[in-house]
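Okay, structure first, notes after.
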RNA sequence: GGAGAGGUGGCAGAGUGGUCGAAUGUACCUGACUCGAAAUCAGGCGUAGGUUCAAACCUACCGUGGGUUCGAAUCCCACCCUCUCCGCCA
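In this note's numbering, the protein residues as written are 1486 to 1913.
Written as structure tokens, this is what we have:
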């Protein structure tokens, strides 16, 4: 959520900035509502003040045993007008708030301006691409060839966009998550947290998934009037830990890492990445979240991105870092780096992590604050990124580490997590 | 699922219709005392919003939402959450 003061003071600037991310902001409607709001609020507060003063008089008169019928008559008409004014004000504030909740964040000045994915800027490229002396197969062929990756059975159990893993592959999936957690907790100073996978609407609003993106979420009915949502990323529960909190200055930055499943309905992505486990309704992810002092958040973004990269480096997977352009960054983000891993079968780099600084956008929705140097509450900044998406990491390993005989080499960093095993062999 | 108790400021805790944004204690800040600190004394100390150059003033907020009333932390209704006991359960 943007600061409403900013909209009042610099409507043009905000509108222009939003335009760079392809968002058309109806400034005229906002302006009209704002003027209306001003008039109504002033009037409402006048009436309230009058009512308060009169009621006070009645109280005082009564305690002295005086007759209050004259004053009572005076206030008699006040009630209706006041009630109408209050309802009116409430209505207009609700409408403004609705608008406010659907405005995306402003891109940071260092976010490249552009319209789409093709305008993203490559920041760096790391690792060397392996050359294969046999025909490269994609992760589906490799996994199914091992008889350890099974989409048919998953489809029977649940439907499209699910997968079943067995044996060594299932173990490697587990090993990856363990490995990532260990690196981030032991070497990068994160505190591991275990969090709910079902969250309430307030949490979804807090991080920006609601009200705009309900269609992307899975939900369950908790009772007649309440829904719970399956988390699309651990960002939601973890970031919301500080919702409605005022954290101590000295405790910043808070650094949390969580391994959770993620659930996405992938509405609107029909036909995209239908093959394989690139785009699933359910996938595991290790997520890094930092709650930072506003003056430090861009340093933190660089740090956190580097920490996600560290996993790719350890696994010796080639990747590149992309700075997303204004037209491609997510709704809540001011700046985003995507990490894209090399997938030889696709002959392309594919997203495996997304690291963003949300500045105060989420914090304002969540009322997540810290007490500043002067002791005044001030909004924190939130930063998060995948470190990494576990399923896609597994895909990258299957493709980059495949062998001519159909087996898969296990990256050296992962071997301790697989009982020292070096290869996933084909079993006939 | 059943029975009971409770949700008030950073924390503790009073307040059952009027002068209550809220006693008191504690924490915290400033000053006095002190070589310094502790103790003591004095003062200050919630959040959000509005009018405004500012000062100042005003409004809202006592779990949430409704209601009664000239007036609600206080009365009524619904819901949420926490705790205790019983039952069930991974």
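Where a beta carbon is used, it is the ideal one built from N, C-alpha and C, also for glycine.
If you're wondering where the values come from, they're calculated on a predicted model, not measured in any experiment.
By the neighbour-count criterion, in which 16 or more other beta carbons inside 10 Å mark a residue as buried, residue 1786 falls on the buried side. In this structure, the straight-line span from the alpha carbon of residue 1841 to that of residue 1872 is close to 12 Å. When DSSP states are grouped into helix, strand and coil, residue 1752 belongs to the coil group.
Within the segment 1755-1802, the complete alpha helix (DSSP H) runs of at least 4 residues fall at 1782-1799. Annotation: the segment 1487-1551 contains the following complete segments of the alpha helix (DSSP H) (minimum length 4 residues), in chain order: 1489-1494, 1496-1504 and 1512-1548. A straight-line Cα-Cα distance of about 6 Å links residue 1863 and residue 1856. Three or more beta-carbon pairs separated by less than 8 Å are not found between the segment 1751-1769 and the segment 1843-1860, which leaves the two stretches without contact. In this chain, the beta strand (DSSP E) harbouring residue 1862 covers 1862-1864. Each residue's CA atom was taken as its position, placing residue 1596 and residue 1910 some 45 Å apart. If you ignore the 5 residues before and after residue 1638, its C-beta comes within less than 8 Å of the C-beta of 1649, all in its own chain and listed in chain order. Around the C-beta of residue 1644, fewer than 16 other C-beta atoms lie within 10 Å, and the residue is accordingly described as exposed. Residue pairing from DSSP places residue 1807 in a beta bridge opposite 1607 and 1823. For residue 1685, there is no enclosing beta strand (DSSP E), as DSSP marks it with neither H nor E. In the structure shown, the three-state DSSP call for residue 1720 is helix. DSSP places residue 1711 outside any alpha helix (DSSP H); the residue lies instead in the beta strand (DSSP E), whose first and last residues are 1711-1715. The three-state secondary structure of residue 1878, taken from DSSP, is helix.
Its Cα nearest to that of residue 1829, the residue 1616 stands out among 1799, 1585, 1814 and 1616. Using a Cβ-Cβ distance cut-off of 8 Å, the segment 1618-1633 and the segment 1533-1552 are not in contact, since fewer than three pairs of beta carbons, one from each stretch, lie closer than that value.
The beta carbons of residue 1660 and residue 1903 sit about 5 Å from each other, so the pair counts as a contact at 8 Å. Our two residues, residue 1499 and residue 1730, have alpha carbons roughly 28 Å apart in a direct line. In the structure shown, the three-state DSSP call for residue 1725 is helix.
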